[in-house]
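This report concerns only the one structure given below.
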Amino acid sequence: MAIMKATRDAYGETLVELGKENPHIVVLDADLSASTKTNGFAKAFPKRFVQMGIAEQDLMGTAAGLALAGKIPFASTFAMFATGRTYDQIRNSIAYAGVNVKIAATHAGVTVGEDGGSHQMIEDIALMRVIPGMTVIVPADFIEATAAVKAASAFEGPVYLRLGRGAWPVIFPENYNFQLGKAALVQDGDAATVIACGVMVGKAQEAAKLLADFGIKIRVLNMATIKPVDKEAILKAAKETGAIVTAEEHNVIGGLGSAVSEVLGEGWPVPFERVGIQDVFGRSGSPDELLEHFGLTAKTVADAVKRVIERKK
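Residues in the sequence shown are numbered consecutively from 1, following the numbering used here.
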């Protein structure tokens, strides 16, 4: 039985750990600290925690000011508010100014569940990756989220961390080596490659098992860093396996699929498909129901792989 943990829990626990190591780390939240899991940091370091209330634009502006004062601020709220409501402040006060703010957005994607389409942010990767100088990270599980938060803390410059609400299987070992800007090889194969991020890495692994029953051995890459994307790994996979499928819990426009297609189009075009939200808004339902409804399943990934393999012939 797989261990189930949420990436937002990794965020909260790692903040406390980092807070003990580095007195320059401060955390800001927008009236959601119990949900974003920053309440642990607030309890441990009350003088380094700022509760901004329901004022997300002020949250980002204040974080920018703290960064200019030499602090390492983590600005936390739900993905819908962290990117949609505060885009102007992120663009101008954080990215344009080049300040060292870490934007940690929880409750991203349709796996927010019953909160419905108004709160299911499926455009955030697109919004953040188009901003010059912004680094975008989408961890696949609890272990990778822990490492990603640490990497973001050590990195100089603005970072967007995309985190989830629900508990999903832990797929990486405790000694997993996360490298910012580098894809991780989950399993190797030569028939095609699935490049996935977030919760869809686990679905890609399941798809690989389904395909193995048909004698199809695929490569699975975990592309946790969407920007800067690992061009070398993408082109290597295209040349060695000849077909690519991307899988993400995000609109197929502007996210991982777009980033990969840009690299392929300029460097090594191969048969290619994008598994993701097909340019529609979310809806209310349980996380599992919504993944099924929007085609974010192992079977959907496996079917896409079969189609791109057929196009190789």
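Idealized CB from N, CA, C, for every residue including glycine. Note that the structure is a prediction, hence the values are computed from the model and not measured.
For residue i, count neighbouring C-beta atoms within 10 Å of its own C-beta (all shown protein chains included) and say buried if the count is 16 or more, exposed if not.
i: N22; result: exposed
i: M80; result: buried
i: E249; result: buried
i: K203; result: buried
i: R314; result: No information on residue 314 is available, as it lies outside the stretch 1 to 313 that the chain covers here.
i: E123; result: buried
i: F281; result: exposed
i: E240; result: exposed
i: F178; result: buried
i: E266; result: exposed
i: A269; result: One detail in the question is off: residue 269 reads as Pro in this sequence, not Ala. Label assigned to P269: exposed.
i: P158; result: buried
i: D213; result: exposed
i: R311; result: exposed
i: K102; result: buried
i: I54; result: exposed
i: E174; result: exposed
i: S153; result: buried
i: E144; result: buried
i: M4; result: exposed
i: P287; result: buried
Which residue comes first and which comes last in the beta strand (DSSP E) that contains residue i?
i: N251; result: I244 to N251
i: A75; result: I72 to F78
i: I94; result: That residue, I94, is in no beta strand (DSSP E); it is neither H nor E in DSSP.
i: I226; result: T225 to K227
From which residue to which residue does the alpha helix (DSSP H) around residue i run?
i: V201; result: M200 to A212
i: T111; result: No alpha helix (DSSP H) holds T111; DSSP gives it neither H nor E.
i: I90; result: Segment: none, I90 is in no alpha helix (DSSP H) and carries neither H nor E.
i: D122; result: Note on residue identity: the sequence assigns Ile, not Asp, to residue 122. Unbroken run through I122: none, as it is neither H nor E.
In the DSSP output, what is residue i paired with across the bridge?
i: R219; result: T193
i: K5; result: W168
i: I103; result: A75 and Y160
Round the Cβ separation of residue i and residue j to the nearest angstrom and send it over; I've been treating them as touching at under 8 Å.
i: G61; j: S93; result: 5 Å
i: Y160; j: A105; result: 7 Å
i: L180; j: T146; result: That belief does not hold up - the Cβ atoms of L180 and T146 are roughly 14 Å apart, past 8 Å.
i: V275; j: V301; result: 5 Å
i: F349; j: S261; result: The chain is shown from 1 up to 313; residue 349 falls before or after that span and cannot be answered.
i: T77; j: L32; result: 6 Å
i: I234; j: V201; result: No, I234 and V201 are not in contact; Cβ-Cβ is about 16 Å, not under 8 Å.
i: T86; j: Q57; result: 5 Å
i: V308; j: L211; result: No, V308 and L211 are not in contact; Cβ-Cβ is about 12 Å, not under 8 Å.
i: P169; j: A2; result: 4 Å
i: G198; j: G164; result: 7 Å
i: A183; j: I244; result: So it is not a contact: roughly 12 Å between Cβ atoms.
i: N100; j: I72; result: 6 Å
i: R48; j: I25; result: 7 Å
i: G166; j: T83; result: G166 to T83, Cβ: 20 Å. No contact.
task: Please go through the segment 260-312 and give each complete alpha helix (DSSP H) segment of 4 or more residues, from N-terminal end onward.
output: 287-293 and 298-312
query: Which runs of the alpha helix (DSSP H), 4 residues or longer, sit entirely within the segment 15-85?
result: 33-36, 39-44 and 56-68
- prompt: Which runs of the alpha helix (DSSP H) fall wholly inside the segment 128-193 and span at least 4 residues, in chain order?
  reply: 142-154
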